[in-house]
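For the sequence shown, counting from 1, position 43 maps to 392 in this note's numbering; every step adds exactly one.
Below: the structure, in structure tokens.
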Amino acid sequence: MTTVVTPRTWTDKDFIDWQTAKTEIFDPLNFLFNPPICKVRRKTTQALNTGVATTITFDDLMHDSEQMWNANAPTKLTPKTPGRYKVIWGGGWNQTGPVNGRRIVWLGMNGVVRDRREGRPGTPAVAHKNLQ
């Protein structure tokens, strides 16, 4: 788990040794330049039934710097570091089913719907959402 560093208040009389520099300067910069990130996707087709909410199961881990994704719970991402996360998500539909009607995608956090997108067959539903 990455530790979020609390910024230090410096005075002009502070002595900076290598350990202080690492802890107070380099570690926070490393966190800012390498934030926790996870990228998962569904590579294969997943059946969606009409009129029933279906949870998408991710089957491809592309990058995970903090083990947010777990193959034993493939429908969730669990951040380990407190903070604000940007979630970029989307869905697309093949035109194999009825050409009329609508497709709705929800994004949930802790069991609460945080965002919703609607699309028609052949159109994507893509969103950028900041979650905290």
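Glycine included, every Cβ here is placed at the ideal spot set by N, Cα and C.
For Asp413, same chain residues with a beta-carbon under 7 Å away, outside a window of 5 residues either side, are Cys387 in chain order.
A direct Cα-to-Cα measurement between Arg357 and Gln395 gives close to 49 Å. Among the bridge pairs identified by DSSP, Arg391 is matched with none.
As for any beta strand (DSSP E) of minimum length 3 sitting wholly inside the stretch 378-422, the runs are 387-390, 409-413, ordered along the chain. The beta carbons of Pro385 and Glu415 sit closer together than 7 Å. Contact check for Thr404 and Thr427: beta-carbon distance about 15 Å, past the 8 Å limit, so the pair fails to qualify.
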